[in-house]
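Here's the structure, in structure tokens; my notes come after.
In our numbering, the protein residues as written are 52 to 576.
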């Protein structure tokens with residue numbers, strides 16, 4: 052009976068020691084400052100617990116070649132045999148070797164070792180290294196020792212995996228911090244509740260705040276910039292939003308959402324591209340072009356006047372007359388270019404300064420005048436010029452000069468680009484509370500790709516059929532901006548090989564009407 056009690060007491064003491072050992076190892080895993088410190092401590096504890104004469108923990112993966120062993124001869128020898136142990140371990144799982152001398156590859160290095168056990172460090176089906184314990188005398192592992200070693204190996208493997216993941220994350224964060232610190236454009240990171248998570252140095256300077264002081268605060272409480280706050284609520288406005296800070300810097304914001312799989316939106320990254328330099332350059336360029344264009348108008352007027360007077364100074368020979376006509380034609384082209392450059396600069400949506408000069412506009416009369424002006428050029432190309440003008444068109448409160456230039460540009464383009472024998476149709480009507488002006492041609496048509504950029508500044512469709520057609524690439528840019536100045540729009544519908552139709556839409560509402568909100572005055576029949 053006493054022997055049974057002694058056996059039970061011994062088993063109980065062993066279980067208590069084992070649990071205490073596991074508790075100590077768990078504590079070291081949780082509290083160790085570094086991976087190296089943790090592995091050295093665990094190796095020492097495990098060696099003492101199993102009465103091993105040497106112990107080594109070897110890592111693989113990103114830490115391949117890293118060895119952790121106490122500074123004794125047997126542990127050092129185990130470290131030298133790490134590659135051989137790894138090859139032996141690769142043949143299966145845990146390896147328990149009762150007679151090391153029977154394996155020549157190990158016996159040469161581990162001369163004083165008799166027994167050996169090697170256990171892989173495996174977590175989430177990934178091997179992170181191994182633990183090896185050496186015994187100078189023959190040692191047969193008990194079942195409880197096997198269980199203890201398996202538990203410790205599992206804990207160490209998870210700890211190594213977590214430490215490597217943390218190290219990788221820390222490295223990524225350091226890289227990101229270095230990138231953000233060297234980025235000249237302000238970067239603002241906010242969470243799903245619009246609280247500030249991170250500001251790079253450029254953002255701190257642009258917003259005149261310190262990141263450490265505003266972190267965690269709602270961006271609306273820190274930044275008094277309505278354009279930026281509106282952009283956060285409606286990202287579709289990104290292409291049209293600009294913001295200028297108190298220092299006079301102008302930024303074009305770009306917004307990107309941070310998403311986390313099925314969890315949806317986790318926050319946003321707001322990047323403010325500094326466009327101050329480009330705005331200044333654009334303004335300087337616009338001013339320069341405007342100044343030069345103005346200075347060109349006077350000499351062009353003199354040249355056109357004197358060239359037109361040449362026939363009055365005496366009879367010209369056929370060659371002289373042809374030369375004079377070409378001079379007058381060239382001057383007319385230069386004058387048209389100067390006018391378009393000036394109009395484009397004034398109507399530019401970013402740097403333009405033009406305010407509409409509204410007055411009662413007789414759209415019917417204006418359209419007929421433009422058609423009359425183009426009758427002779429159309430006849431020279433054997434084009435049929437057709438007018439579909441609603442005779443009951445309203446008198447509207449528009450900038451007649453600019454609208455006339457816009458429609459004139461469309462008709463002029465149609466006449467220039469339509470092949471001989473074609474048809475150009477000019478239409479004007481009221482449709483769904485909008486004034487709609489359109490010019491249809493039977494030209495070569497425009498591809499979908501070219502249509503997307505057709506109304507941009509200096510854009511022309513390059514085709515060999517149009518090589519002799521003179522143009523500045525500003526006409527359609529002016530058309531679009533005149534329409535937009537009136538609250539409307541301009542667009543094109545085209546099919547290659549069939550022709551194109553260009554439209555100007557002006558809404559019949561607000562300031563476009565005589566008397567503001569009054570109903571449009573209609574022409575008497």
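Backbone N, C-alpha and C define an ideal beta-carbon position, used for all residues, glycine too.
ask   = Beta-carbon separation of residue 577 and residue 414 under 8 Å?
value = With the chain running from 52 to 576 in the structure shown, residue 577 is simply not present.
Unbroken alpha helix (DSSP H) run spanning residue 532, endpoints = In this chain, the alpha helix (DSSP H) harbouring residue 532 covers 526-536.
task = State whether the stretch 321-331 contacts the stretch 234-242, with contact taken as three or more CB pairs (one from each stretch) at a distance under 8 Å.
result = Taking 8 Å as the limit for Cβ pairs, the verdict is that the stretch 234-242 does touch the stretch 321-331.
task = Give me the Cα-Cα distance between residue 417 and residue 330, rounded to the nearest whole angstrom.
result = A straight line joining the alpha-carbon of residue 417 with that of residue 330 spans about 37 Å.
ask   = Rounded C-beta distance between residue 469 and residue 494? I'm assuming under 8 Å.
value = Separation of the CB atoms of residue 469 and residue 494 is rounded to 4 Å, and the pair is thereby assigned contact status at 8 Å.
query = Which whole runs of the beta strand (DSSP E) in the stretch 374-425 are 3 residues long or more, in chain order?
reply = The stretch 374-425 is shown to contain whole beta strand (DSSP E) runs of 3 or more residues at 410-413, in chain order.
query = CA-CA distance, residue 570 and residue 395?
reply = Confidence is the limiting factor: at residue 570 the pLDDT is only 46, short of 50, which leaves the residue's position unreliable and the question unanswerable from this model.
task = Drop a sphere of 10 angstroms on the beta-carbon of residue 64, count the other beta-carbons inside from all chains shown, and report buried for 16 or more, exposed for fewer.
result = In this prediction, residue 64 has a pLDDT of 49, which is less than 50 and means its spatial position is unreliable; what the coordinates show is noted afterwards. Exposed, because fewer than 16 other Cβ atoms sit within 10 Å of the Cβ of residue 64.
query = Is residue 122 buried or exposed, if buried means 16 or more other CB atoms sit within 10 Å of its CB?
reply = Under this definition residue 122 is an exposed residue.
ask   = Assuming residue 172 contacts residue 182 under a Cβ cut-off of 8 Å, what Cβ separation, rounded to an integer in Å, is found between them?
value = Contact holds; Cβ gap of about 7 Å.
task = Return yes when the C-beta of residue 396 is under 7 Å from any heavy atom of the ligand ATP, and no when it is not.
result = For the ligand ATP, the structure offers nothing, since it holds no ligand at all.
query = Whose C-alpha, out of 343, 206, 412, 160, is nearest the C-alpha of residue 179?
reply = Comparing Cα-Cα distances from residue 179 to each of 343, 206, 412, 160, the minimum goes to 206.
task = Confirm, please, whether the CB-CB distance from residue 101 to residue 184 is below 8 Å.
result = With contacts defined as CB atoms closer than 8 Å, residue 184 and residue 101 qualify as a contacting pair.
key: C-alpha distance - residue 435 paired with residue 560, whole-angstrom precision   = Each residue's Cα considered, the two are about 35 Å apart.
ask   = What's the gap between the Cα of residue 502 and the Cα of residue 555?
value = Between the alpha carbons of residue 502 and residue 555 lies a distance of about 15 Å.
Pairwise C-alpha distance: residue 327 and residue 334 = Whole-angstrom Cα-Cα distance: 11 Å.
task = Would you kindly check if the distance between the Cβ of residue 488 and the Cβ of residue 509 is under 8 Å?
result = Against a cut-off of 8 Å, the Cβ pair of residue 488 and residue 509 comes out as no contact.
query = Are residue 189 and residue 221 touching if we call contact CB-CB under 8 Å?
reply = It is not a contact, given that the beta carbons lie outside the stated cut-off.
query = What did DSSP end up calling residue 574 once you bin it into helix, strand or coil?
reply = Note that residue 574 scores 46 on pLDDT, short of 50, meaning its location in the model is unreliable and no value can be drawn from it.
ask   = Which residues in the same chain as residue 86 place their Cβ atom closer than 6 Å to its Cβ, once the five residues preceding and following it in sequence are excluded?
value = Once the five neighbours on either side are set aside, the close Cβ partners of residue 86 are 214.
request  = Give the single residue among 398, 351, 391 whose Cα lies nearest to the Cα of residue 379.
outcome  = Check the Cα spacing between residue 379 and each of 398, 351, 391: the tightest is with 351.
request  = Tell me whether residue 42 sits in a helix, a strand or coil according to DSSP, three-state version.
outcome  = The structure shown does not extend to residue 42, since the chain is modelled only from 52 through 576, so no value can be given for it.
For residue 241: DSSP bridge partner residues = For residue 241, which the question treats as bridged, DSSP gives the partners 247, 319.
task = List the DSSP bridge partners of residue 306.
result = Bridge partners of residue 306: 321.
ask   = Along the chain, where does the beta strand (DSSP E) that runs through residue 178 open and close?
value = 177-186 is the extent of the beta strand (DSSP E) around residue 178.
ask   = Any idea what DSSP makes of residue 502, helix, strand or coil?
value = In the structure shown, the three-state DSSP call for residue 502 is helix.
query = Using a beta-carbon distance below 8 Å, is residue 133 in contact with chain C?
reply = Given the protein chain composition of this structure (a single chain), no chain C is represented.
query = From this set, 467, 451, 146, 444, which residue's C-alpha is nearest residue 481's C-alpha?
reply = For residue 481, the closest alpha carbon among the candidates 467, 451, 146, 444 is that of 444.
Three-state secondary structure (DSSP) of residue 226 = In the displayed model, residue 226 falls within a helix according to three-state DSSP.
Distance CB(residue 449)-CB(residue 511) smaller than 8 Å = No, these two residues do not count as a Cβ contact at 8 Å.
message = Between which residues of its own chain and residue 160 is the CB-CB distance below 8 Å, once the five residues before and five after are set aside?
response = For residue 160, the CB contacts under 8 Å within the same chain, skipping 5 residues up- and downstream, are 128, 131, 132, 135 in chain order.
key: Inter-residue CB distance, residue 273 and residue 292 (contact presumed, cutoff 8 Å)   = Their Cβ separation, rounded to whole angstroms, is 18 Å, which puts residue 273 and residue 292 out of contact at 8 Å.
message = Rounding to the nearest angstrom, what Cα-Cα distance links residue 163 and residue 125 in this structure?
response = Residue 163 and residue 125 have their alpha carbons spaced roughly 8 Å apart.
request  = Would you tell me roughly how many angstroms separate the C-alpha atoms of residue 553 and residue 382, rounded to the nearest one?
outcome  = Take the alpha-carbon of residue 553 and the one of residue 382: they are about 28 Å apart.
The alpha helix (DSSP H) enclosing residue 173, as first and last residue numbers = Residue range 166-174 is occupied by the beta strand (DSSP E) that includes residue 173, with no alpha helix (DSSP H) assigned at that position.
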